[in-house]
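Input: a single structure, listed below in structure tokens.
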Amino acid sequence: MANTSYDYIIIGAGSAGCVLANKLSADGHHSVLVLEAGPMDRNLMIHIPAGFYSAHKNPRINWNYETEPEAELRRRQVEMPRGKVVGGSSSINGMVYMRGQPQDYDRWADELGLAQWRYANCLPYFKAGETSDRGANDWRGGDGPLSVTKGASDNPLYDAFLKAGVDAGQGETDDPNGYNPEGVTRLDATKRDGRRCSAAVAHLHPALSRSNLRLMTRAMVERLVISSNRVAGVVFTHGGESHTVEADRELILCGGAINSPQTLMLSGIGPADHLREHGIEVRCDLPGVGQNLQDHATVATMWACTREFPVHRVDRPLNKLAAGTRWMLSRSGLAASNHFEAGGLIRGNDEVDYPNLQYHFGPLGYEYEGTKLKLLQAFMLHVDQLRPQSHGHIELNSRDPGMKPGLFFQYLSDAADLKELVEGVKKMRELVAQPAFDAYRGVELMPGPDVRSDAEIEEAVRVLTSTDFHPCGTCRMGLGTDAVVDAELRVHGIEGLRVVDASIMPRVISANLNAPTQMIASRAADWILGKPQLEPFEARFAFQ
6 MANTSYDYII
16 IGAGSAGCVL
26 ANKLSADGHH
36 SVLVLEAGPM
46 DRNLMIHIPA
56 GFYSAHKNPR
66 INWNYETEPE
76 AELRRRQVEM
86 PRGKVVGGSS
96 SINGMVYMRG
106 QPQDYDRWAD
116 ELGLAQWRYA
126 NCLPYFKAGE
136 TSDRGANDWR
146 GGDGPLSVTK
156 GASDNPLYDA
166 FLKAGVDAGQ
176 GETDDPNGYN
186 PEGVTRLDAT
196 KRDGRRCSAA
206 VAHLHPALSR
216 SNLRLMTRAM
226 VERLVISSNR
236 VAGVVFTHGG
246 ESHTVEADRE
256 LILCGGAINS
266 PQTLMLSGIG
276 PADHLREHGI
286 EVRCDLPGVG
296 QNLQDHATVA
306 TMWACTREFP
316 VHRVDRPLNK
326 LAAGTRWMLS
336 RSGLAASNHF
346 EAGGLIRGND
356 EVDYPNLQYH
366 FGPLGYEYEG
376 TKLKLLQAFM
386 LHVDQLRPQS
396 HGHIELNSRD
406 PGMKPGLFFQ
416 YLSDAADLKE
426 LVEGVKKMRE
436 LVAQPAFDAY
446 RGVELMPGPD
456 VRSDAEIEEA
466 VRVLTSTDFH
476 PCGTCRMGLG
486 TDAVVDAELR
496 VHGIEGLRVV
506 DASIMPRVIS
516 ANLNAPTQMI
526 ASRAADWILG
536 KPQLEPFEAR
546 FAFQ
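Numbering follows my numbering, in which position 385 of the sequence shown is assigned residue number 390; successive positions increment by one, without gaps.
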């Protein structure tokens with residue numbers, strides 16, 4: 006390596022790492038090294054919006070994690086794809102842009118003592134980070150690096166979904182990230198001119214020409230170097246050789262909710278007894294590392310569609326060729342959509358203060374045969390449980406950094422979560438039963454027409470529950486003994502080290518996590534550089 010030290014070292018070129026790489030190198034005064042375990046984001050399926058159905062199954066750009074057998078899911082193991090590529094999971098996700106609800110952040114402040122994280126403090130960073138085609142206003146940004154596009158596909162099934170949601174009394178909104186976030190709606194996606202706009206496209210690629218920024222791909226971190234309670238650098242392998250690089254100012258861990266706690270534990274930072282079990286010298290006893298694992302459990306329902314639409318047959322060879330050719334020529338057509346362009350935030354019951362369930366609606370049915378996608382003449386509606394009571398943990402299986410950690414999500418271990426998902430299934434059925442779907446609704450394929458009683462729905466939920474790919478919380482921010490980082494994301498007990506990614510969330514946000522993760526990174530960059538935070542803004546919000 007040409008340099009043996011950098012001002013800032015960023016581990017992970019994912020949603021947070023790409024933001025930090027741009028901002029920390031912007032003034033040209035600081036040297037920045039970014040280490041990414043995966044390859045460059047050149048795979049075409051990353052950039053074609055419909056290609057995410059392929060990308061998130063591709064082992065060359067995916068860590069391919071899997072949970073341990075889940076006790077409440079009939080001992081099933083749940084696939085947990087995470088991006089192992091420049092852009093991280095923002096390069097393989099479904100592209101839905103959701104910020105979470107204002108109450109999520111205000112609860113961090115009011116209930117956990119994290120006053121700096123009220124939504125009024127976060128909103129200016131959301132706005133500064135995006136260019137929304139809905140237009141700039143008190144809630145939305147108009148000149149940020151991340152392009153955010155409202156779903157606009159003209160499939161009649163989207164219109165049926167939106168009308169049915171209103172007729173079912175579940176509310177509607179023009180903007181799920183605006184004044185009234187509650188109700189069914191056309192969702193936003195991180196797209197630009199018919200292409201995926203990942204964190205790498207938005208933030209990292211525009212900065213790579215800077216002489217003070219270096220990106221190393223296929224660089225596998227082994228451990229951090231800790232000296233006298235300060236992070237000194239990092240040991241990693243690249244090209245079959247081991248390298249050590251020093252961090253003169255700070256090292257920022259951006260590996261995500263699985264890799265960040267794993268790296269800390271491999272470096273001797275974590276629960277002391279667990280580290281000793283694997284023969285790892287304890288450098289800092291932090292019991293919370295790897296704990297507090299949270300995710301949005303999701304259940305999918307599916308109905309046969311009595312009318313065939315072009316999206317139902319796009320997987321046939323000639324149709325796939327035509328869709329791909331159109332996308333290559335004009336960045337339009339079926340390949341330019343993620344095909345989950347509608348959804349919304351709703352309440353499963355009248356007792357919750359704000360929406361606790363989230364819909365994703367797609368005008369197609371699908372299943373995987375191995376890694377091969379098979380489309381069905383159907384439509385699907387997914388429901389996420391947004392504020393789970395069930396928490397799990399991550400633990401090492403070995404001191405070998407190449408061995409995957411054990412993932413214990415413990416889905417539905419709290420009975421309240423099962424109850425909420427049962428309510429979610431009932432809400433989905435209530436919506437699809439509306440007259441707006443009469444022209445399209447065939448037989449219920451999943452969970453099926455024979456599943457009627459609460460007990461039968463409970464069993465179906467146990468069989469069907471999966472992940473919506475939103476793990477977080479394993480390096481939680483806070484003040485207590487179970488916290489890993491403080492309110493400015495500095496690791497307790499270790500100087501010069503921060504964690505900046507979804508793992509710092511003390512409680513999961515009530516929506517998709519990509520946009521909040523980029524916001525978190527933008528705020529962290531200002532703290533790292535000693536800049537003042539953007540002026541808080543108290544926007545007005547109205548719920549149904």
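The beta-carbon is built from N, C-alpha and C at its ideal position, and this holds for glycine as well.
Looking at C-alpha atoms only, which residue of the options is the closest neighbour of residue i?
| i | options | result |
| --- | --- | --- |
| Ala507 | Arg235, Ile15, Asp300 | Asp300 |
| Leu40 | Ala421, Leu469, Ala547, Thr222 | Thr222 |
| Asp198 | Ser152, Pro44, Ala60 | Ser152 |
| Ala173 | Pro181, Arg352, Arg457 | Arg352 |
| Glu84 | Ser471, Gly498, Leu518, Leu49 | Ser471 |
| Lys168 | Leu539, Gly370, Met100, Pro440 | Pro440 |
| His279 | Pro410, Thr9, Ser214, Lys424 | Pro410 |
| Arg87 | Ile263, His344, Ile533, Asp422 | Ile263 |
| His210 | Tyr11, Ala18, Thr303 | Ala18 |
| Arg336 | Asp12, Leu29, Asn48, Pro54 | Pro54 |
| Asp253 | Gln267, Gly245, Cys259, Val236 | Val236 |
| Ser95 | Gly245, Thr9, Ser158, Cys202 | Cys202 |
| Ala328 | Leu339, His208, Cys477 | Leu339 |
| Phe366 | Asp320, His387, Arg318 | His387 |
| Met50 | Leu218, Ile499, Ser418, Trp332 | Trp332 |
| Pro511 | Trp68, Asn297, Ser214 | Asn297 |
| Met433 | His475, Thr268, Asp320, Ile462 | Ile462 |
| Gly284 | Leu539, Leu518, Asn402 | Asn402 |
| Thr268 | Ala26, Leu25, Arg503 | Arg503 |
| Arg404 | Asn343, Ser216, Arg281 | Arg281 |
| Ala205 | Leu469, Glu449, His52, Gln415 | His52 |
| Val250 | Tyr11, Met270, Arg79 | Tyr11 |
Answer yes or no: the CB of residue i versus the heavy atoms of the ligand SAH, is any distance below 7 Å?
| i | result |
| --- | --- |
| Ala207 | The ligand SAH is absent from the structure shown, which contains no ligands of any kind. |
Residues bridged to residue i by DSSP?
| i | result |
| --- | --- |
| Ala194 | Val101, Thr154 |
| Glu116 | DSSP output for Glu116 lists no bridge partner at all. |
| His365 | Gly348, His387 |
| Arg219 | Leu38 |
| Lys377 | Glu374 |
| Val90 | Answer by DSSP bridge pairing: none, since Val90 is not bridged. |
| Asn67 | Gly88 |
| Glu449 | Trp308 |
| Glu77 | For Glu77, which the question treats as bridged, DSSP gives no partner whatsoever. |
| Thr72 | None, per the DSSP bridge assignment. |
| Ser214 | Beta-bridge pairing links Ser214 to no other residue. |
| Arg235 | Ser232, Glu500 |
| Thr303 | Asp389, Ser471 |
Which word fits residue i, buried or exposed, when buried means at least 16 other C-beta atoms lie within 10 angstroms of its C-beta?
| i | result |
| --- | --- |
| Gln363 | buried |
| Asn354 | exposed |
| Tyr110 | buried |
| Arg112 | buried |
| Ser137 | buried |
| Ala529 | buried |
| Gln394 | exposed |
| Gln82 | exposed |
| Glu400 | buried |
| Gly92 | buried |
| Leu229 | buried |
| Asn126 | buried |
| Val189 | buried |
| Glu543 | exposed |
| Ala76 | exposed |
| Tyr100 | First, the amino acid is wrong: residue 100 is Met here, not Tyr. Flag for Met100 reads buried. |
| Glu286 | exposed |
| Gly140 | exposed |
| Pro186 | buried |
| Cys406 | The sequence given here places Pro at residue 406; Cys does not occur at that position. Classification of Pro406: buried, given that the 10 Å Cβ count is 16 or more. |
| Met482 | buried |
| Arg47 | exposed |
| Ser36 | buried |
Which whole-angstrom value is the C-beta distance of residue i and residue j, which I expect to be below 8 Å?
| i | j | result |
| --- | --- | --- |
| Phe350 | Pro521 | First, the amino acid is wrong: residue 350 is Leu here, not Phe. Their Cβ separation, rounded to whole angstroms, is 14 Å, which puts Leu350 and Pro521 out of contact at 8 Å. |
| Ala347 | Phe548 | Rounded, the Cβ-Cβ distance is 20 Å, inconsistent with contact. |
| Thr154 | Ala194 | 6 Å |
| Asp487 | Pro292 | 6 Å |
| Leu436 | Gly170 | 6 Å |
| Pro266 | Cys480 | 6 Å |
| Ile525 | Gly105 | So it is not a contact: roughly 11 Å between Cβ atoms. |
| Pro368 | Leu162 | 4 Å |
Inset, instruction - Could you name each continuous beta strand (DSSP E) segment of 3 residues or more that falls completely within the stretch 238 to 294, going from the start of the chain to the end? - result: The qualifying runs are 246 to 258.
Legend entry - Runs of beta strand (DSSP E) lying entirely within the stretch 457 to 541, each at least 3 residues, in chain order: Correct list: 502 to 504.
Inset, instruction - At 3 residues or longer, and completely inside the stretch 382 to 438: list those beta strand (DSSP E) runs for me, N to C. - result: Counting only runs of 3 or more, we get 383 to 390, 398 to 400, 411 to 413.
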